[in-house]
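> Numbering (the working numbering), first residue to last: 280 to 710. Below you will find the structure I want to go over with you.
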Amino acid sequence: MTTMLKQVKYPYSAAGAVGLAAADSRPASGSGSGSKAGSTAGIAGMTAAGLAAKWEQDGWRQLRTPGAYECWHFDAMDAVGSGVSVDLYDGLPMHPRYVQELNRYYRSKKHHQLSSVREQALPAFYPAAAISLFQGGRCLVRSFNWYPPGSFKGERGSPEIAVGPNRITLRQDGSIGLVARGYPMEPSVLLPRHRKDQFVLVELTLHPTFSCTPLVQPLRPAAEDGVEHSWIVSAPHCKVSGRVQHISASDDIMLVDMPMQGLGFHDHFFGGSGMLRGIRSLSRGRVLGDDWAVIWNAVDGVPPGRLSTNSVAIYQAGADPVVIEHPETHVVSARTSGSLVRYPATLDMHGGDARGNNVELLVHHETILETTPWSVRGNCSIQLQNRDQRRLMGRGLIETISSRHLRLPVISDRARRAILSIDADDPLWRQ
Numbered sequence: 280m281t282t283m284l285k286q287v288k289y290p291y292s293a294a295g296a297v298g299l300a301a302a303d304s305r306p307a308s309g310s311g312s313g314s315k316a317g318s319t320a321g322i323a324g325m326t327a328a329g330l331a332a333k334w335e336q337d338g339w340r341q342l343r344t345p346g347a348y349e350c351w352h353f354d355a356m357d358a359v360g361s362g363v364s365v366d367l368y369d370g371l372p373m374h375p376r377y378v379q380e381l382n383r384y385y386r387s388k389k390h391h392q393l394s395s396v397r398e399q400a401l402p403a404f405y406p407a408a409a410i411s412l413f414q415g416g417r418c419l420v421r422s423f424n425w426y427p428p429g430s431f432k433g434e435r436g437s438p439e440i441a442v443g444p445n446r447i448t449l450r451q452d453g454s455i456g457l458v459a460r461g462y463p464m465e466p467s468v469l470l471p472r473h474r475k476d477q478f479v480l481v482e483l484t485l486h487p488t489f490s491c492t493p494l495v496q497p498l499r500p501a502a503e504d505g506v507e508h509s510w511i512v513s514a515p516h517c518k519v520s521g522r523v524q525h526i527s528a529s530d531d532i533m534l535v536d537m538p539m540q541g542l543g544f545h546d547h548f549f550g551g552s553g554m555l556r557g558i559r560s561l562s563r564g565r566v567l568g569d570d571w572a573v574i575w576n577a578v579d580g581v582p583p584g585r586l587s588t589n590s591v592a593i594y595q596a597g598a599d600p601v602v603i604e605h606p607e608t609h610v611v612s613a614r615t616s617g618s619l620v621r622y623p624a625t626l627d628m629h630g631g632d633a634r635g636n637n638v639e640l641l642v643h644h645e646t647i648l649e650t651t652p653w654s655v656r657g658n659c660s661i662q663l664q665n666r667d668q669r670r671l672m673g674r675g676l677i678e679t680i681s682s683r684h685l686r687l688p689v690i691s692d693r694a695r696r697a698i699l700s701i702d703a704d705d706p707l708w709r710q
């Protein structure tokens with residue numbers, strides 16, 4: 280990956296940016312998109328049988344219960360911490376207003392039977408997209424945009440989804456097309472500054488390299504209400520191509536131009552009520568080799584009496600995935616971010632499966648790439664020993680998220696200011 284940080288003139292105007300967004304990413308009317316709406320980004324010839332076989336698990340669930348959420352995550356990062364991460368949300372679970380409304384809903388529910396639910400407690404009120412651009416182990420640009428209620432578009436059973444100018448597309452060859460656009464934010468000691476005179480543009484193609492069905496695992500233990508939370512490892516190892524750009528539209532200057540050519544990852548998680556309600560934090564990570572991938576998920580603060588949902592998955596070319604469920608997990612050491620998010624500095628996970636595979640995974644959090652009021656994302660290194668197989672070592676990504684302290688006024692206010700609300704008539708997104 281090559282990054283150009285030199286400011287150079289680029290034939291790109293604010294009007295051109297609007298035209299590009301309108302041409303490539305217009306939202307479809309109604310609740311569906313794709314061929315029914317005449318979208319240019321449809322399933323591109325994928326048959327119904329092919330869609331069901333490959334992408335049934337990755338489609339939109341259309342969850343509409345209080346506190347529900349759904350997220351499609353993509354990242355492409357090299358070993359030195361240069362690359363991009365994109366998240367599209369139907370129901371942003373870390374939005375402080377969503378957290379507050381869900382707490383209010385459960386408090387009211389305890390005292391009387393609710394006849395109606397406020398729309399602010401439902402996922403349709405919080406469609407959002409997040410983009411982070413990294414170079415050399417630091418976050419260069421971050422965009423966190425919150426779109427108007429009901430602007431998330433898709434069809435049940437299809438991975439073609441759109442929120443604002445952001446779109447995921449399944450192509451006929453089985454690859455995934457990703458287009459994301461957003462206004463960046465400048466970090467500041469006092470208050471963040473959102474730059475609506477600039478754009479972050481991401482255009483990627485992800486080709487899954489392992490021909491395996493998506494892995495479906497619990498994301499976290501069910502809460503008191505019994506609602507389940509699922510984690511789908513959709514494409515654990517991908518070849519990624521495309522480009523990421525940061526453009527100053529006001530003076531036609533390209534601030535960053537990063538060609539993407541390397542390895543990437545895609546997963547998908549969802550739940551019917553409060554992603555982080557009742558637990559302290561959730562950590563997910565992955566390390567990719569040339570022909571292998573190691574993925575893990577660990578929950579801190581499992582409610583008493585509930586079984587751990589932690590897991591480790593090992594993928595290797597030409598072999599069936601090895602999945603270790605409920606591994607014994609120890610946070611050997613931990614650190615705390617400035618927003619009071621506690622994240623593992625060293626994580627040890629070990630266990631076995633019914634086929635006799637015994638695995639020990641040691642994760643070291645090395646450097647912080649990005650922090651938000653609800654998360655810490657960093658580079659990590661791993662050592663994995665699997666009996667009778669080769670030892671795997673490499674560097675990758677780990678992210679820890681927590682909403683425990685979003686109730687604190689200072690952190691809640693910081694979180695609100697980090698999220699930019701986008702109007703329906705905003706130039707970034709023409710209806």
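Note that beta-carbon positions come from the ideal geometry of N, C-alpha and C, so glycine has one too. Predicted model, so just to flag it, every value in this text is computed and none were measured.
Count the CB pairs spanning the stretch 655-673 and the stretch 571-582 that are closer than 8 Å, and state whether there are at least three.
In short, these stretches touch, since the Cβ pair count reaches three.
> Per DSSP, which one or two residues make a beta bridge with Asp692?
DSSP output for Asp692 lists no bridge partner at all.
> Apply the 10 Å Cβ neighbour rule to Pro688 and answer buried if 16 or more other Cβ atoms are within range, or exposed otherwise.
Label assigned to Pro688: exposed.
> Please report how far the alpha carbon of Asn445 lies from the alpha carbon of Gly521, in whole angstroms.
Spanning the two alpha carbons is a distance of roughly 15 Å.
> For the beta strand (DSSP E) holding Pro623, just list the boundary residues, first then last.
621-631 is the span of the beta strand (DSSP E), which, as asked, contains Pro623.
> Return helix, strand or coil for Gln336, following the three-state DSSP convention.
If DSSP states are grouped into helix, strand and coil, Gln336 belongs with the helices.
> Given that a residue counts as buried once 16 or more other Cβ atoms are within 10 Å of its Cβ, and exposed if not, what is Glu335?
Per the 10 Å Cβ criterion, exposed.
> State the DSSP-derived secondary structure class of Ser387, mapped to helix, strand or coil.
Helix, per DSSP.
> Is the beta carbon of Gly362 closer than 9 Å to that of Asp354?
Yes, the pair counts as a contact, with Cβ atoms nearer than the cut-off.
> Across the stretch 372-381 and the stretch 549-569, are there enough close Cβ pairs to call them in contact, namely three or more that are closer than 8 Å?
In short, these stretches touch, since the Cβ pair count reaches three.
> For Arg563, which three-state DSSP category applies?
Three-state result, Arg563: strand.
> Between which residues of its own chain and Ala624 is the CB-CB distance below 7 Å, once the five residues before and five after are set aside?
Contacts found: Ser612, Ala613, Arg614, His644.
> Round the Cβ separation of Ile593 and Phe548 to the nearest angstrom and send it over; I've been treating them as touching at under 8 Å.
That pair is no contact at about 20 Å.
> Just verifying my parser: in three-state terms, what is the DSSP assignment at Ala703?
Ala703: coil per DSSP, three-state reduction.
> Taking only the alpha-carbon atoms, compute the straight-line gap between Ala528 and Tyr462 and give it to the nearest angstrom.
Computed Cα separation, rounded: 11 Å.
> Look at the alpha carbon of Pro487 and the alpha carbon of Ser387, and state the distance between them as a whole number of angstroms.
Whole-angstrom Cα-Cα distance: 46 Å.
> Could you pull out every residue in the same chain whose Cβ sits closer than 6 Å to the Cβ of Arg656, ignoring the five residues on either side in sequence?
Once the five neighbours on either side are set aside, the close Cβ partners of Arg656 are Leu648, Glu649, Glu678.
> Roughly how far, in whole angstroms, is the beta-carbon of Leu498 from the beta-carbon of Thr588, given that I think they are within contact range, below 8 Å?
Right, the Cβ-Cβ distance comes to about 7 Å (below 8 Å), so this counts as a contact.
> With a threshold of 16 other CB atoms inside 10 Å of the CB of Leu470, please say whether the residue is buried or exposed.
Classification of Leu470: exposed, given that the 10 Å Cβ count is below 16.
> Rounding to the nearest angstrom, what Cα-Cα distance links Pro500 and Arg563 in this structure?
Each residue's alpha carbon lies about 15 Å from the other.
> Report all residues from its chain with a CB closer than 6 Å to the CB of Tyr385; omit the five preceding and five following residues, and keep chain order.
Excluding residues within five positions, none has a Cβ falling inside 6 Å.
> Check this for me: beta carbons of Arg460 and Leu485, under 9 Å apart or not?
No, the Cβ-Cβ distance between Arg460 and Leu485 is not below 9 Å.
> Taking Trp351 as the reference, which of His545, Gln524, Ile680, Val519 has the closest Cα?
Comparing Cα-Cα distances from Trp351 to each of His545, Gln524, Ile680, Val519, the minimum goes to His545.
> Does the stretch 625-632 come within contact of the stretch 688-706, defined as at least 3 CB pairs closer than 8 Å?
Flag = no, the stretch 625-632 and the stretch 688-706 do not touch.
> Need the endpoints of the beta strand (DSSP E) that Phe431 sits in, please.
Looking at the DSSP string, the run of the beta strand (DSSP E) that includes Phe431 is 431-433.
> How would you call Val495, buried or exposed, if buried means at least 16 neighbouring beta carbons within 10 angstroms?
By the neighbour-count rule (16 or more Cβ atoms within 10 Å), Val495 is not buried but exposed.
> Output yes or no for whether 9 Å exceeds the beta carbon distance between Ala596 and Pro652.
No, Cβ-Cβ distance for Ala596 and Pro652 is not below 9 Å.
> Quick one: Cα of Ala633 to Cα of Pro600, how far?
Distance between the alpha carbons of Ala633 and Pro600 is about 13 Å.
> Measuring CB to CB, does Ile603 end up less than 9 Å from Pro582?
Contact flag unset, no.
> Can you tell me whether DSSP reads Pro375 as helix, strand or coil?
In the structure shown, Pro375 sits in a helix (DSSP, three-state: H, G or I).
> Quick one: using the 10 Å Cβ neighbour count with 16 as the cut-off for buried, is Glu439 buried or exposed?
The residue in question, Glu439, is buried, as its Cβ has 16 or more Cβ neighbours within 10 Å.
> Taking the runs of the beta strand (DSSP E) that are 3 residues or longer, which of them lie wholly in the stretch 634-683?
With a minimum length of 3 residues, the continuous beta strand (DSSP E) runs that stay inside the stretch 634-683 are 637-651, 654-665, 671-680.
> In this structure, does DSSP put Asn424 in helix, strand or coil?
Looking at Asn424 - three-state DSSP - the assignment turns out to be strand.
> For Arg417, does the count of other Cβ atoms within 10 angstroms reach 16, so buried, or fall short, so exposed?
Arg417 is exposed by the Cβ-count criterion.
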